[in-house]
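Structure first, then comments.
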Amino acid sequence: MKRISALLLLLTSLTFTPSHAQQAIWDKAATTSPEINADGTVTFRLVAPCAKEVEITGDFLPTEKVMTPKGEITVRKKAYMERNDAGTWEYTTPFAVEPELYLYNFIVDSLKINDPSNAYRIRDTASSYNIFMTPGERTSLYRVADVPHGSVSKVWYPSATTGTSRRMTVYTPAGYEAPENAGKRYPVLYLLHGMGGDENAWNELGRASQILDNLIAAGKAEPMIVVMPNGNIAMDAAPGENSQGFTIPTTALPHTMDGAYEKAFPEIVTFTDSIYRTVPEKNSRAIAGLSMGGFHSLHTSKLYPDLFGYIGLFSAAIKPRALTYPEVYDDMAAKLKAQFINQPELYWIAIGDTDFLYNDNVAFRKQLDDLGLPYTYRESSGGHCWANWRLYLSEFLPLLFKP
-17 MKRISALLLL LTSLTFTPSH AQQAIWDKAA TTSPEINADG TVTFRLVAPC AKEVEITGDF
43 LPTEKVMTPK GEITVRKKAY MERNDAGTWE YTTPFAVEPE LYLYNFIVDS LKINDPSNAY
103 RIRDTASSYN IFMTPGERTS LYRVADVPHG SVSKVWYPSA TTGTSRRMTV YTPAGYEAPE
163 NAGKRYPVLY LLHGMGGDEN AWNELGRASQ ILDNLIAAGK AEPMIVVMPN GNIAMDAAPG
223 ENSQGFTIPT TALPHTMDGA YEKAFPEIVT FTDSIYRTVP EKNSRAIAGL SMGGFHSLHT
283 SKLYPDLFGY IGLFSAAIKP RALTYPEVYD DMAAKLKAQF INQPELYWIA IGDTDFLYND
343 NVAFRKQLDD LGLPYTYRES SGGHCWANWR LYLSEFLPLL FKP
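The numbering used here puts the sequence shown at residues -17 to 385.
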C-alpha cells in the first residue's frame, strides 16, 4: 500500500508540478513578440496586467539630441506601449523597419527588462538585450544560409606577456578540415573587438561567421582564417568564461589602450602560424577592428610595419588613453611613414557621420594626407554601432587577399 501511495505521489508531482531540472519542458511564450508583419512593421507585446506604464527602447527607433551637464548628446528615443483590456501591452512601429539585426528592451514602470516572449538574447558588455532581424538584402548576409559552413573554435594560447593562457575565437573556412585540402594554406584576418567586448563579440554581435560563410560561398571573398582575440590584456577570456569567474562585465579594465596589447600582439600571430595552415607572409595577413579594436589595429600595424598587408579601421579610436608603454605611440608620423615605405595593399578607414569619434578620424585622415600616405575612406550614416560594423566587415572582406 505504501508503495502504491508513493508511486501516486511521484506521478502527481510529475504531472502537475514540473521539477526545477526539467521546468523548461513546460514553459512557453506568453504571446508572440516580436512579430514581423507583412508590411515591414514590427509588433511587440508584453503581458503585464499590473503594470502602470510600459515603454520599448531599441536601436530600430530614431534618435534625438538632448542636453546634459556635459553637453549635447544623441540618445535613442523610447516608444510608449498601449494596454488592452486583457492586460497585454502592445506597440507596432509606425514605419517599415529597415533590414538589420536589432537590439531592444522593455521598460516596465521604470525597470528595464528583457522580452519574456523572445528567447533570443545577447550580452553587450554588462547589458542584456533581446534581438530580432528583419529580412532584406543586407541581412541575407547575416543569416545562416544553405551554403558550406566554416568551423568556429574557442582556442587557448600561451601568453608570455601575461604568463597565462588566453583565449581567442578562430574561424576556419568550409573545407579546411577536408583531407583533400590537407596541404592547402590560407591567409589570416585578425579581427579585433571594441571596448567592453571580448573574443565572443564579433561572432555573436557581429555575425562574423555567417558573413564569412555567405561571402565565401558566393565567391565574393577569399577563403580565409579569421582570428578574433580577446583585446583586454587584463582578462584571459570573456566574463563568466575566464579564471576570474562571474565578474560584472565592464569597460573599466586596465591596460586596454596603453600599449600593452600592441606590444604583445606578435605572440598571437606566432601561435596562429604554428597551429594553423597559414601563409606566414605580410600580404597574406590583415588586421582590422572596431573602436578600441580599430585603435589596436592602427597602432599595432605601424609598430610592426612588416606584419600586415591589409589594415581596416572601423570607427577607430585614435588617441591612447594612457602611456604605460609610450614607445608604442611615440613618433606617430615617423612610424606611419615607415609603415608605408612598403605600402600596404589596403589601408581602409570607415566611420559613421554621427559617430562621436568622427572628428578624431578627420584629424587622423588629415595627418595621412599631409604625409602623402594613401588610404581608402568609407563614410556611412549613423553612429558608433554594430549596424555599421557589420556593414564595414561585409564590405572589407571582399577587398582582402585577391590574387
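Note that beta-carbon positions come from the ideal geometry of N, C-alpha and C, so glycine has one too.
- Query: What are the partner residues of ASP240, as DSSP defines its beta bridges?
  - Reply: Partner(s): none; ASP240 has no beta bridge.
- By how many angstroms is the C-alpha of ASP337 removed from the C-alpha of PRO16? 29 Å
- Task: Look at the Cβ atom of ASN214, then the Cβ atom of GLU181, and state whether they are nearer than 7 Å.
- Result: no
- Task: Kindly provide the ranges of any beta strand (DSSP E) runs that are 3 or more residues long and lie completely inside the segment 46 to 74, ordered along the chain.
- Result: Runs of the beta strand (DSSP E) spanning 3 or more residues and lying entirely within the segment 46 to 74 occur at 53 to 58, 60 to 62 and 70 to 74, in chain order.
- Task: Report yes if the C-beta distance between ALA156 and PRO130 is below 7 Å; otherwise report no.
- Result: yes
- Under three-state DSSP, which class holds TYR111? Three-state DSSP puts TYR111 in a strand.
- Message: So, with DSSP's three-state summary, where would you put LEU379?
- Response: Shown here, LEU379 sits in a helix according to DSSP, grouped into three states.
- Going by the CB atoms, is the gap between ARG189 and TYR393 shorter than 7 Å? The first residue shown for the chain is -17 and the last is 385, placing residue 393 beyond what the model contains.
- Roughly how many whole angstroms lie between the Cα atoms of GLU204 and SER266? 11 Å
- Message: Please report the distance separating the alpha-carbon of ILE89 from that of GLY40.
- Response: Here the alpha carbons of GLY40 and ILE89 stand approximately 11 Å from one another.
- Message: Helix, strand or coil, according to DSSP, for MET(-17) in the structure here?
- Response: At MET(-17), the pLDDT of 47 sits below 50, so the modelled position is not reliable; the number obtained from the coordinates is stated separately. Note: MET(-17) maps to coil in three-state DSSP.
- Message: So, for ILE95: in the same chain, excluding its five sequence neighbours on each side, which residues have a beta-carbon less than 8 Å away from its beta-carbon?
- Response: ASN87, PHE88 and ILE89
- Query: When the Cα atoms are used, what is the spatial distance from GLU46 to GLU80?
  - Reply: 18 Å
- Just mark THR154 as buried or exposed, buried being the case when its beta carbon has 16 or more other beta carbons within 10 Å. Under the 10 Å beta carbon count, THR154 is surrounded by 16 or more other beta carbons and is classified as buried.
- Task: Compute the Euclidean distance between the alpha carbons of MET239 and MET217, then round it to the nearest angstrom.
- Result: 14 Å
- Query: Mind checking TRP138: buried by the 16 CB within 10 Å criterion, or exposed?
  - Reply: By the 10 Å Cβ count, TRP138 comes out exposed.
- Roughly how far, in whole angstroms, is the beta-carbon of VAL310 from the beta-carbon of GLU377, given that I think they are within contact range, below 8 Å? Not confirmed; about 29 Å, so no contact.
- Host alpha helix (DSSP H) of ASN343 (start-end): From DSSP, the alpha helix (DSSP H) with ASN343 extends over 340 to 353.
- Task: Go ahead and label SER256 buried or exposed: buried means 16 or more other beta carbons lie within 10 angstroms of its beta carbon, across all protein chains shown.
- Result: exposed
- What are the complete beta strand (DSSP E) segments, minimum 3 residues, inside the segment 128 to 168? 133 to 141 and 146 to 154
- Message: Suppose contacts are defined by Cβ-Cβ distances below 7 Å. Is HIS175 in contact with GLY275 by that definition?
- Response: yes
- Length of the line joining the Cα atoms of LEU305 and GLY241: 7 Å
- Query: Between the segment 102 to 115 and the segment 135 to 150, do three or more beta carbon pairs fall short of 8 Å?
  - Reply: no
- Query: Tell me the DSSP bridge mates of ASP106?
  - Reply: SER109
- Task: Output the distance between the C-alpha atoms of PRO326 and LEU381, rounded to the nearest integer angstrom.
- Result: 13 Å
- Task: Say whether the segment 28 to 36 touches the segment 64 to 71, bearing in mind that this needs 3 or more beta-carbon pairs closer than 8 Å, one atom from each stretch.
- Result: When Cβ pairs closer than 8 Å are counted between the two stretches, the segment 28 to 36 is seen to touch the segment 64 to 71, the count reaching three or more.
- Item | Chain-order list of residues whose beta-carbon lies under 8 Å from that of THR23 (same chain, five-residue window excluded) | THR74, THR75, PRO76, PHE77, ALA78 and VAL79
- If LEU194 and VAL208 are in contact, beta carbons under 8 Å, what's the gap, nearest whole angstrom? 6 Å
- Task: Quick one: using the 10 Å Cβ neighbour count with 16 as the cut-off for buried, is PHE383 buried or exposed?
- Result: buried
- Task: Please name the residue in PRO161, ILE269, HIS237 and SER297 whose C-alpha comes closest to that of TYR359.
- Result: Here the closest residue by C-alpha is SER297.
- Look at ILE352 and ILE300 and say whether their C-beta atoms are less than 7 Å apart. The question names Ile, but residue 352 in the sequence shown is Asp. When the beta-carbon positions are compared, ASP352 and ILE300 stay at least 7 Å from each other.
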